[in-house]
Amino acid sequence: QQPVQSPQAVILREGEDAVINCSSSKALYSVHWYRQKHGEAPVFLMILLKGGEQKGHEKISASFNEKKQQSSLYLTASQLSYSGTYFCGTEIDRGSTLGRLYFGRGTQLTVWP
Amino acid sequence: DTGVSQNPRHKITKRGQNVTFRCDPISEHNRLYWYRQTLGQGPEFLTYFQNEAQLEKSRLLSDRFSAERPKGSFSTLEIQRTEQGDSAMYLCASSQASRGVNTGELFFGEGSRLTVL
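Structural data, given as structure tokens:
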């Protein structure tokens, strides 16, 4: 039930764009995105809910295809501060939310000046 | 600081010893989660509470692991008879759920790193 993330790693120059993908084999109620810097706690970026509602970061956007159980995180005009490991967390649709997230293995993003 | 607080931040113990971690969530949050993270992996769900009730526990969690959240405030995670495979970062997170719906983000603490020798 762990979602699959791709790619495993991305290296960018400042100002370039990146897309990180997350897919699940189960019907999803929500998809969360978190960023974790080395030695720090994961920090919330975005949540996308079944039905289309989403809330999150100003400069980072995401999409959620409910039929395909897939989500993508779009990082545009990347900044040095975007470096870190990005995790998607998926909540399986069981008719009501139980709050349990399954996290992917992460995508390591490195932004160079 | 009104974030999620965990202690101790680091714990080194010998195999077979018991350890206990504490988590103080954000005060108005009614849900509290424990996750475990090893190097190169995403957080792995262990258990969660809504108020003082433990609503779900991972099947991966052996009987050596127990968690409590008395009075729906702080929580403790105890590992008995530790094994080397228990070495990991133990993360606590909290969130606010309304009418059973959890549509909010998880706020993670900085974790408690366990090393079992």
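Line by line, the protein sequences give chains A and B. Each step along the first sequence adds one to the number in my numbering, with nothing skipped, and position 75 is 75. Offset between the second sequence (1-based) and my numbering: plus 113. Every residue, glycine too, gets a C-beta built ideally from N, C-alpha and C.
Q. Bridge partners of residue 65 of chain A, per DSSP?
A. As a position in the first sequence, residue 65 of chain A is number 65, starting the count at 1. Answer is A:70, bridged to residue 65 of chain A.
Can you give me the C-alpha to C-alpha distance between residue 14 of chain A and residue 79 of chain A, rounded to a whole angstrom? Numbered from its first residue, the first sequence carries residue 14 of chain A at position 14. Numbered from its first residue, the first sequence carries residue 79 of chain A at position 79. For residue 14 of chain A and residue 79 of chain A, the distance between alpha carbons rounds to 5 Å.
ask   = Are the stretch 39-52 of chain A and the stretch 123-131 of chain B touching, with three or more C-beta to C-beta distances below 8 Å?
value = no
Worksheet item: Along chain B, in chain order, which residues have C-beta atoms closer than 9 Å to that of residue 102 of chain A?
Response: As a first step, residue 102 of chain A must be located in the first sequence, where it is residue number 102. Annotation: Cβ neighbours of residue 102 of chain A in chain B (cutoff 9 Å, chain order): 155, 157, 158.
query: Nearest to residue 33 of chain A by CA position, among A:111, A:7, A:113, A:85, is which residue?
result: In the first sequence, the residue the question calls residue 33 of chain A occupies position 33. Closest option to residue 33 of chain A, Cα to Cα, is A:85.
Beta carbon proximity, residue 99 of chain B to chain A, threshold 7 Å: Shown here, chain B extends from 114 to 230; a query on residue 99 of chain B therefore has no answer.
Contact defined as beta carbons within less than 8 Å: I believe residue 229 of chain B pairs with residue 195 of chain B. What is the distance between those atoms, to the nearest angstrom? What you label residue 229 of chain B is simply residue 116 of the second sequence in a count that begins at 1. What you label residue 195 of chain B is simply residue 82 of the second sequence in a count that begins at 1. Yes, they are in contact, since the Cβ atoms of residue 229 of chain B and residue 195 of chain B sit about 5 Å apart, within 8 Å.
Beta carbons nearer than 7 Å to chain A: which residues of the stretch 117-147 of chain B have them? 144
- Query: Between which two residues does the beta strand (DSSP E) containing residue 226 of chain B stretch?
  - Reply: For the purposes of this step, residue 226 of chain B is identified with residue 113 of the second sequence, where counting begins at 1. Where residue 226 of chain B is concerned, the enclosing beta strand (DSSP E) stretches over 225-229.
*Output, in chain order, the set of chain B residues within a Cβ distance shorter than 7 Å of residue 106 of chain A.*
For the purposes of this step, residue 106 of chain A is identified with residue 106 of the first sequence, where counting begins at 1. Result: 155.
Checklist entry - Can you tell me where the beta strand (DSSP E) with residue 158 of chain B in it begins and where it stops? => result Position 45 of the second sequence holds residue 158 of chain B. First-last of the beta strand (DSSP E) with residue 158 of chain B: 157-163.
Exercise. Work out the CA separation of residue 186 of chain B and residue 165 of chain B for me, nearest whole Å.
Key: In the second sequence, residue 165 of chain B corresponds to position 52, counting from 1. In the second sequence, residue 186 of chain B corresponds to position 73, counting from 1. About 7 Å.
Review point. Quick one: what's got a C-beta closer than 6 Å to residue 178 of chain B's C-beta in the same chain, skipping five residues either side?
Key: What you label residue 178 of chain B is simply residue 65 of the second sequence in a count that begins at 1. Result list for residue 178 of chain B: 192, in chain order.
Between residue 202 of chain B and residue 226 of chain B, is the Cβ-Cβ spacing less than 7 Å?
The residue given as residue 202 of chain B occupies position 89 in the second sequence. The residue given as residue 226 of chain B occupies position 113 in the second sequence. Their beta carbons are under 7 Å apart, which means residue 202 of chain B touches residue 226 of chain B by this criterion.
Taking its Cβ as the centre, do 16 or more other Cβ atoms sit within 10 Å of residue 31 of chain A, making it buried, or is it exposed?
Locating residue 31 of chain A in the first sequence gives position 31, counting from the first residue. Answer is buried; the Cβ neighbour count reaches 16.
Give the straight-line distance between the Cα atoms of residue 163 of chain B and residue 120 of chain B, rounded to the nearest whole angstrom. Locating residue 163 of chain B in the second sequence gives position 50, where the first residue counts as 1. Locating residue 120 of chain B in the second sequence gives position 7, where the first residue counts as 1. So the two alpha carbons sit approximately 21 Å from each other.
I need the straight-line Cα distance from residue 105 of chain A to residue 92 of chain A, nearest angstrom please. Walking along the first sequence from the start, residue 105 of chain A turns up at place 105. Walking along the first sequence from the start, residue 92 of chain A turns up at place 92. Taking the straight line from one Cα to the other gives about 17 Å.
key: Exposure of residue 153 of chain B, with buried meaning 16 or more beta-carbon neighbours within 10 Å   = Locating residue 153 of chain B in the second sequence gives position 40, counting from the first residue. Per the 10 Å Cβ criterion, exposed.
Exercise for review: Could you check the C-alpha separation between residue 174 of chain B and residue 113 of chain A for me, to the nearest Å?
Suggested key: In the second sequence, the residue the question calls residue 174 of chain B occupies position 61. In the first sequence, the residue the question calls residue 113 of chain A occupies position 113. Each residue's alpha carbon lies about 43 Å from the other.
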